[in-house]
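Sequential numbering of the sequence shown, starting at 7, is according to our numbering.
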Amino acid sequence: MNDQWKNRLAELSLQLPEPLAALGSYSVVTIDDDRVYVSGLGPFENGKPVQGVVGGNLSVEQGQHAARLTMLMILSCLDQACGLENIERCLRMTVYVRAGADFQQHPKVADGASELIKALFGSDKMPARSALGVHSLPMGIAVEIDTIFKLRR
Numbered sequence: 007m008n009d010q011w012k013n014r015l016a017e018l019s020l021q022l023p024e025p026l027a028a029l030g031s032y033s034v035v036t037i038d039d040d041r042v043y044v045s046g047l048g049p050f051e052n053g054k055p056v057q058g059v060v061g062g063n064l065s066v067e068q069g070q071h072a073a074r075l076t077m078l079m080i081l082s083c084l085d086q087a088c089g090l091e092n093i094e095r096c097l098r099m100t101v102y103v104r105a106g107a108d109f110q111q112h113p114k115v116a117d118g119a120s121e122l123i124k125a126l127f128g129s130d131k132m133p134a135r136s137a138l139g140v141h142s143l144p145m146g147i148a149v150e151i152d153t154i155f156k157l158r159r
């Protein structure tokens, strides 16, 4: 990561976690031409997965925090794979929210990740996005996000 990115993250009082290694038979990051695909990742805080059900034992605000932590993990894995300075923008984001059947605020939870992308890349480079509710996620995590980014050429 170059100094510009280090300074930008510091301005926002953000720190990237250690990048996560694959937990199975897949690549965390795959690069194809000018596209960077990041596998579904989840939130970690103090080295432990953030678990729970949004709208159950987690509030919407806690869900947003989990989404933000997840995006920080994605950025860390991107930085390791190709350097954040080489990323032009996020093109696509799919946010899976572990929630109960009656929960309806999935987009609001997803905003935790989207607002971080906006702060780092600008409002003119917001990605297309889907926010879905799911019954379960690996390790009992509250949020999982997969993304597609575009490399600078």
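Every residue, glycine too, gets a C-beta built ideally from N, C-alpha and C.
- With respect to the 8 Å criterion, A16 and V59 are not classified as neighbours on the basis of their beta carbons.
- Note that the stretch 72 to 83 touches the stretch 119 to 136; at least 3 beta-carbon pairs, one per stretch, sit closer than 8 Å.
- Only residues of its own chain outside the window of five on either side were considered, and among them N8, W11 have a CB closer than 6 Å to the CB of E91, listed in chain order.
- With 16 or more neighbouring CB atoms inside 10 Å of its own CB, D117 falls in the buried class.
- If you ignore the 5 residues before and after D38, its C-beta comes within less than 7 Å of no other C-beta in its own chain.
- Within the stretch 35 to 103, the complete beta strand (DSSP E) segments of 3 residues or longer fall at 35 to 38, 41 to 47, listed in chain order.
- Here DSSP, grouped into helix, strand and coil, assigns G139 to strand.
- Apart from the 5 residues on each side of it in sequence, A28 sits with its Cβ closer than 8 Å to the Cβ of V34, S45 in its chain, given in chain order.
- Taking C-beta atoms as the reference points, V149 and C88 fail to come closer than 8 Å.
- Minimum Cα-Cα distance from V101 among the listed residues G30, E94, I154 corresponds to I154.
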